[in-house]
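Residue numbers (our numbering): 7 to 273. Heads up, the beta-carbon is just placed ideally off N, CA and C, and yes, glycines get one too. Just so we're clear, the structure is a prediction, and the values are computed from it rather than from any experiment.
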């Protein structure tokens, strides 16, 4: 992030932007994050932080001079600007936690294919599992996804690639929706994944560079690898926040998709 300088730093404070200023001190950063939840007394802050009493007092004084915290009879609270800084730091910490859970996955896959608003919200995936194909079992990932789809009554799916196992598992249900890649429907062999395979499931067509599955029980996300190859790793999360994230992303894709009848596909 930034070089941290703990202690009295009035010179560093002058003219420095609020987030940069807070992040250059671990004590200031911890204080702002602690106050992001609720007002605290000085004693509560001293108990919560792993810092000397003098360091905490100096940091509070400097944060108050910077206009990020207010002191009052009941203790300390964030100003409006201080709350915005706390929210930004919370997003940074959540993103760091997301990356730390599986750095190799995030470094190897292309997150740029996601709309920026959902890319910024990736920490909402919460606790997740990365399911990787193995050299000895290249279809492990496919079987796992197909089994999850087959086990639910209805789900929403974005499918940029064809695999017979996914087509067989996709429920034919009035509450199910499917977005197929334009290439699958309008490509040289559209019969491989005919949109007429489902009577009740609603189907639309879109240019989709990632795969997504959402049900009441899980969100499944597959991003392409940065080398351009289709991924052999899939993210699965059962957290409620991940399901809400997935539903929002699916609705965005669905809104931009078109019905097969509006595409150039001809039966």
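>> Taking the beta carbon of residue 145 as the centre, do at least 16 other beta carbons fall within 10 Å, making it buried, or is it exposed?
In response: Taking the chain shown and counting its residues from 1, the one referred to as residue 145 is at position 139. It counts as exposed.
> Pick from 123, 78, 128 and 90: whose alpha carbon is nearest that of residue 102?
Replying inline: As a working mapping, residue 102 is identified with position 96 in the chain shown. Minimum Cα distance to residue 102 is reached at 128.
>> Quick check on DSSP: helix, strand or coil for residue 216?
In response: Against the chain shown, residue 216 aligns to sequence position 210. Here residue 216 sits in coil by DSSP.
>> Check whether the segment 158-165 and the segment 221-229 touch, using three or more Cβ-Cβ pairs below 8 Å as the test.
In response: yes
>> Can you tell me where the alpha helix (DSSP H) holding residue 150 begins and where it ends?
In response: Stepping through the chain shown from its first residue, residue 150 is reached at position 144. Taken as a continuous stretch (DSSP letters only), the alpha helix (DSSP H) holding residue 150 covers 146-156.
> For the alpha helix (DSSP H) that contains residue 63, what are its first and last residues?
Replying inline: Taking the first residue of the chain shown as position 1, residue 63 is located at position 57. First-last of the alpha helix (DSSP H) with residue 63: 59-71.
> Quick one: what does DSSP say residue 160 is sitting in, helix, strand or coil?
Replying inline: Start at 1 with the first residue of the chain shown, and residue 160 comes out as number 154. Coil.
> Per DSSP, which one or two residues make a beta bridge with residue 135?
Replying inline: The count along the chain shown starts at 1 and reaches residue 135 at position 129. Answer is 242, bridged to residue 135.
> Helix, strand or coil: how does DSSP classify residue 2 here?
Replying inline: Past the edges of the chain, shown from 7 to 273, lies residue 2, and the structure says nothing about it.
> Quick check: the segment 107-126 against the segment 62-70, are there 3 or more CB pairs under 8 Å?
Replying inline: no
> In three-state terms, what does DSSP make of residue 265?
Replying inline: Position 259 of the chain shown, counted from the first residue, corresponds to residue 265. Coil at residue 265, not helix or strand.
> Out of curiosity, what's the CA-to-CA distance linking residue 111 and residue 156?
Replying inline: As a first step, residue 111 is located in the chain shown; it is residue number 105 there, counting from the start. As a first step, residue 156 is located in the chain shown; it is residue number 150 there, counting from the start. Approximately 26 Å, taken between the alpha carbons.
> Tell me the DSSP bridge mates of residue 228?
Replying inline: Residue mapping note: residue 228 aligns to position 222 of the chain shown, counting from 1. Note: residue 228 sits in a beta bridge opposite 217.
> Are the beta-carbon atoms belonging to residue 135 and residue 251 less than 7 Å from one another?
Replying inline: By one-based count along the chain shown, residue 135 stands at place 129. By one-based count along the chain shown, residue 251 stands at place 245. For residue 135 and residue 251, no; Cβs fall outside 7 Å.
>> For a test of the three-state rule: what should DSSP assign to residue 260, helix, strand or coil?
In response: In the chain shown, the residue the question calls residue 260 occupies position 254. Three-state result, residue 260: helix.
> Exposed or buried, which one is residue 273 when buried takes at least 16 other CB atoms within 10 Å?
Replying inline: Reading the chain shown from its first residue, position 267 is the one you call residue 273. Because the pLDDT at residue 273 is just 44, under 50, the model does not fix this residue reliably, and the value given afterwards should be weighed accordingly. Residue 273 is exposed by the Cβ-count criterion.
>> Does residue 114 come out as helix, strand or coil in the three-state DSSP assignment?
In response: Taking the first residue of the chain shown as 1, we reach residue 114 at position 108. Looking at residue 114 - three-state DSSP - the assignment turns out to be helix.
> When DSSP labels each residue in this structure, what does residue 7 get in the three-state scheme?
Replying inline: As a working mapping, residue 7 is identified with position 1 in the chain shown. Residue placement at residue 7 cannot be trusted, given a pLDDT of 41 that sits under 50; the coordinates are not used to answer.
>> So, with DSSP's three-state summary, where would you put residue 42?
In response: On the chain shown, position 36 is the one that residue 42 refers to. The answer is coil: DSSP assigns residue 42 none of H, G, I, E or B.
>> Checking the sheet assignment: what are the DSSP bridge partners for residue 84?
In response: Numbered from its first residue, the chain shown carries residue 84 at position 78. According to DSSP, which records beta bridges pairwise, residue 84 is partnered with 75.
> Around the Cβ of residue 115, are there at least 16 other Cβ atoms within 10 angstroms (buried) or fewer (exposed)?
Replying inline: In the chain shown, the residue the question calls residue 115 occupies position 109. Buried, since its Cβ has 16 or more Cβ neighbours within 10 Å.
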